[in-house]
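Student:
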Amino acid sequence: MGLSKQDKNKAKAQSSLEYLLVIALTFIIIIPTAYLFYSYSKESTGQIKDSQITKIGTTIVDGAKFIFYSGDGSKTELELNVPDNVNSVSIFDERELVFNIRTDFGSSDIVFFSNVPIKKADDDRFKKLAESGLKKVKIEAIKEAGKGIIAIDIV
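Residues in the sequence shown are numbered from 2 upward in steps of one, following my numbering.
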């Protein structure tokens with residue numbers, strides 16, 4: 002004899018329940034894994050941007066030092082790729098190059114100290130260094146008030 006109609010319905014119900022359990026188990030595994038991947042990816046992106054800014058600041062300060070000791074009239078141009086999390090760039094006391102950046106925790110400053118005096122060649126053009134993308138930075142040794150100084154400009 003075959004299965005009764007009630008037994009067939011129970012078998013269908015059991016297979017449907019098993020199917021739902023497999024789907025639920027799959028979601029239980031996939032959702033946390035996707036979240037972990039997303040978090041790791043976001044953290045890595047932030048670290049890459051911080052690393053880019055560190056490289057940019059170090060390159061500018063090292064270039065300024067090299068040009069300063071090369072003498073008046075020396076200059077060079079650097080091509081730098083600025084990430085999109087830079088709010089502003091400024092120079093303080095002719096010795097500090099400061100990048101104000103956006104992070105997941107708010108604003109933060111990354112400061113680079115120069116052994117040689119540095120200044121902005123032009124305030125309006127220098128502000129462009131905070132815009133994301135490829136920038137050409139000109140570093141030039143000049144005389145100002147009888148002393149040598151490095152002028153940093155965006156071309």
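The beta carbon of each residue, even a glycine, is placed where N, CA and C say it ideally should be. Quantities reported herein were computed from a predicted structural model and do not represent experimental measurements.
1) Within this structure, are the beta carbons of Ser-115 and Val-62 separated by less than 7 Å?
2) Just to confirm, is the Cβ distance from Ile-68 to Ala-142 under 7 Å?
3) Between which two residues does the alpha helix (DSSP H) holding Phe-28 run?
4) What are the partner residues of Val-156, as DSSP defines its beta bridges?
5) DSSP on Asp-123, reduced to helix/strand/coil?
6) What's the C-alpha gap between Lys-136 and Gly-107?
7) Evaluate the contact criterion for the region 90-101 versus the region 39-50: three or more CB pairs, one atom per stretch, below 8 Å.
8) Just checking, does the region 110-126 make contact with the region 71-85 on the three C-beta pairs under 8 Å criterion?
Tutor: This is what the structure gives:
1) yes
2) yes
3) 6-71
4) In DSSP, Val-156 forms no bridge with anything.
5) coil
6) 25 Å
7) no
8) no
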